[in-house]
Structures are given as structure tokens and as C-alpha cells.
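Q:
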Amino acid sequence: MKRPLLTIASIFWLSVLSLSAQDTIPVSGTTGTTTWTNDNVYLLQGYVRVDNGQTLTIQAGTVILADTGSLENASALIVERDGFIDAQGTAADPIIFTSRLDNTNDPNDFLNNQALGLWGGVIICGDAPTNTANNGSEQVEGIPVTLPATVGTFGGNEPNDNSGILRYVSIRHTGVALASNNEIQGLTLAGVGNGTIIEHVESYASADDGIEIFGGTVNLKYVTIAFAEDDALDYDQGWTGNIQWLFVLQSADFGDRMGEWDGADTPEDGTP
Numbered sequence: 001m002k003r004p005l006l007t008i009a010s011i012f013w014l015s016v017l018s019l020s021a022q023d024t025i026p027v028s029g030t031t032g033t034t035t036w037t038n039d040n041v042y043l044l045q046g047y048v049r050v051d052n053g054q055t056l057t058i059q060a061g062t063v064i065l066a067d068t069g070s071l072e073n074a075s076a077l078i079v080e081r082d083g084f085i086d087a088q089g090t091a092a093d094p095i096i097f098t099s100r101l102d103n104t105n106d107p108n109d110f111l112n113n114q115a116l117g118l119w120g121g122v123i124i125c126g127d128a129p130t131n132t133a134n135n136g137s138e139q140v141e142g143i144p145v146t147l148p149a150t151v152g153t154f155g156g157n158e159p160n161d162n163s164g165i166l167r168y169v170s171i172r173h174t175g176v177a178l179a180s181n182n183e184i185q186g187l188t189l190a191g192v193g194n195g196t197i198i199e200h201v202e203s204y205a206s207a208d209d210g211i212e213i214f215g216g217t218v219n220l221k222y223v224t225i226a227f228a229e230d231d232a233l234d235y236d237q238g239w240t241g242n243i244q245w246l247f248v249l250q251s252a253d254f255g256d257r258m259g260e261w262d263g264a265d266t267p268e269d270g271t272p
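Right, dumping it as C-alpha cells:
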């Protein structure tokens with residue numbers, strides 16, 4: 001199992017060596033329908049949202065950095081319910097989300113696996129069902145009250161809902177608290193449907209779970225989760241999707257379990 005990690009690391013450094021001449025473009029608020037291109041570096045400043053009806057396309061090889069900060073000053077990318085993300089990297093040119101403290105210009109000066117919680121993470125919300133009493137009106141944990149009440153709302157009655165594509169995407173150094181005692185994961189999938197494609201995705205050095213799935217029907221393939229401070233993979237609220245080819249590496253010094261796999265929470269006897 002060592003060869004895939006070495007391959008990922010080699011691809012990462014080949015990708016970042018070319019960044020020094022690129023412009024850094026700050027991004028805040030809502031993205032609108034737009035394309036982030038690999039000849040620029042993008043800096044998330046605060047909660048950047050892909051709203052209902054908007055499409056964010058990210059070219060292969062693009063690097064997205066995130067500002068530091070916690071609580072209402074945290075940075076995260078939120079794909080809202082009925083928003084769409086098309087982030088298709090390749091094995092040679094992955095898409096990388098990381099902290100602005102990560103020196104992507106110098107392969108000899110990079111953050112290690114204990115650099116946790118430097119920014120929020122990536123959140124995708126969909127219209128697929130959950131098994132909670134509030135299906136369709138739930139809000140992703142940790143969304144601060146300073147944002148509109150509709151931000152991070154998920155769930156519905158569309159099991160085939162399509163929120164987009166994440167392919168060959170690396171998400172690093174995440175898990176900052178978005179609200180008091182509420183951290184988010186490297187990747188949060190909330191009520192995401194099985195029309196969404198999640199494959200060849202990596203979560204590295206999250207201060208909470210590597211990936212958490214709240215209900216929905218989304219399927220995942222070729223997933224790597226390394227050095228999560230809490231659980232590597234956490235799912236609940238009646239997720240009925242599948243995961244195929246999962247690799248987990250946890251630290252001997254910190255971290256919880258490979259997985260926390262719950263059926264329901266409110267009510268605890270919810271089905272499925």
C-alpha cells in the first residue's frame with residue numbers, strides 16, 4: 001500500500017513547483033458561475049459559497065489556498081443545495097485545497113501531518129434524503145449565525161441528486177472550528193445524492209474527521225484519509241451509499257478510530 005502514497009506525493013510536488021509565477025486571486029462571498037483556472041492560485045477569504053443555480057468549475061492542476069481564522073472568521077468552501085461543483089483533476093494534475101500557510105512554492109518547506117485545523121474544509125450540500133425528523137431543513141454543523149440561515153441547509157427527496165464532481169482532489173490541513181465546539185471535516189457530504197461523483201479524493205491532516213457523510217445516497221471510490229485527529233470516515237443520518245477502495249492511515253500519537261458509523265441521531269430509531 002506504500003506505492004499509491006509515494007505516487008500522490010510525487011504528483012503533488014511536481015504540481016506545486018510551477019506556482020511561483022502565478023497570480024493569487026482572493027475569493028469571498030459567493031462565486032457566481034465561474035471557472036478557476038490553473039494559471040492562477042485562489043485564496044479563500046471567509047465562507048465562500050457556490051449558491052443555488054451557480055456552477056464552480058475548477059481546472060485540473062489548480063491550487064486553492066485558504067485564509068487562517070476560526071469561528072466567524074474561518075474560511076471554507078460551501079457548495080449549497082442545488083449549487084454545482086465541477087472539480088476534475090487528473091493523476092498528473094490534481095486539484096489541491098490547502099492552507100495559505102502551506103508553502104506550495106518550496107517542496108522543502110511544507111506543513112507536516114500535525115499541522116491540523118488551519119482552515120475549515122470543503123462542504124457539499126444536496127437534496128438527497130436523510131433519516132432525521134428535520135430532513136430538508138437540517139443545517140450542517142458549525143455554520144455560524146453570522147451567515148444567512150439557509151447556508152448549509154441539506155436533505156430532501158431526490159436520491160439521484162447531482163451536486164457535481166470531485167475527481168483527483170486533495171484537501172489538506174482542515175478542521176478549524178466554525179462555531180464553538182463545532183469543527184468541520186476535510187470533506188463534508190450532507191444529503192448528497194448518487195448523481196454526484198466523488199472519486200480519487202484525499203483528506204490529509206484534519207483536526208476533526210477526514211470525511212463525514214450526513215445521510216444521502218452518494219457513492220465514493222478511491223479514497224485516502226490520512227492523519228485525522230478524530231475519526232477517518234464518519235457517517236450517520238441514514239447514508240445509503242457505497243464506498244469502494246478506502247485507504248486510511250492514522251497517527252500512533254493522535255487520532256481516534258478508522259470509522260464512526262452510525263445509523264441515526266434524531267430520532268435514534270430513524271430508518272434506514
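In this note's numbering, the protein residues as written are 1 to 272.
Where a beta carbon is used, it is the ideal one built from N, C-alpha and C, also for glycine.
In this text the structure is predicted, and so the values were computed from the model without any measurement.
1. Using CA atoms only, rank isn't needed, just tell me which of Thr68, Ser28, Glu202 is closest to tyrosine 222.
2. If you reduce the DSSP assignment to three classes, tell me which class glutamate 72 lands in.
3. Along the chain, where does the beta strand (DSSP E) containing glycine 259 start, and where does it finish?
4. Cβ atoms of glycine 121 and glycine 186: under 7 Å apart, would you say?
5. For glutamate 183, write down the residues that DSSP places opposite it in a beta bridge.
6. In chain order, which continuous runs of the alpha helix (DSSP H) of length 4 or greater are located wholly inside the segment 72-116?
7. Using beta-carbon positions only, say whether aspartate 82 and asparagine 52 come within less than 7 Å of one another.
8. Between aspartate 209 and alanine 228, is the Cβ-Cβ spacing less than 7 Å?
9. Tell me, please, whether the segment 57-72 touches the segment 35-49 by the rule of three or more beta-carbon pairs shorter than 8 Å.
10. Figure out for me which residue from Gly32, Thr24, Ala76 has the closest Cα to the Cα of alanine 299.
11. So, is asparagine 194 buried or exposed, given that buried needs 16 or more other C-beta atoms within 10 angstroms?
12. Bridge partners of glutamate 138, per DSSP?
13. Pull up the distance between the alpha-carbon of valine 248 and that of methionine 258, whole angstroms please.
14. Between the C-alpha atoms of phenylalanine 254 and serine 206, what's the straight-line distance to the nearest angstrom?
15. Indicate the three-state DSSP secondary structure (helix, strand or coil) for leucine 189 in the structure shown.
16. Helix, strand or coil for glycine 164 per DSSP?
17. What is the DSSP secondary structure of valine 48, counted as helix, strand or coil?
A: On the basis of the coordinates in this document:
1. Nearest C-alpha to tyrosine 222 among Thr68, Ser28, Glu202: Glu202.
2. The answer is helix: DSSP assigns glutamate 72 an H, G or I state.
3. Residues 259-261.
4. Result yes, Cβ atoms of glycine 186 and glycine 121 sit closer than 7 Å.
5. Per the DSSP secondary-structure output, glutamate 183 pairs in a beta bridge with Ala177.
6. Qualifying alpha helix (DSSP H) stretches: none in this window.
7. In terms of Cβ geometry, aspartate 82 and asparagine 52 form a close pair [threshold 7 Å].
8. Yes, these two residues count as a Cβ contact at 7 Å.
9. As far as the Cβ criterion goes, the segment 57-72 touches the segment 35-49, which means the pair count is three or higher.
10. Absent from the model: residue 299. The displayed extent of the chain is 1 to 272, so no value can be given.
11. Under a 10 Å Cβ-count criterion, asparagine 194 is classified as buried, with 16 or more other Cβ atoms of the shown protein chains found around its own Cβ.
12. Phe154, per the DSSP bridge assignment.
13. Within the model, the alpha-carbon separation for valine 248 versus methionine 258 is close to 7 Å.
14. Whole-angstrom Cα-Cα distance: 11 Å.
15. Leucine 189 falls in the strand class under three-state DSSP.
16. In this structure, glycine 164 counts as strand in the three-state DSSP scheme.
17. Shown here, valine 48 sits in a strand according to DSSP, grouped into three states.
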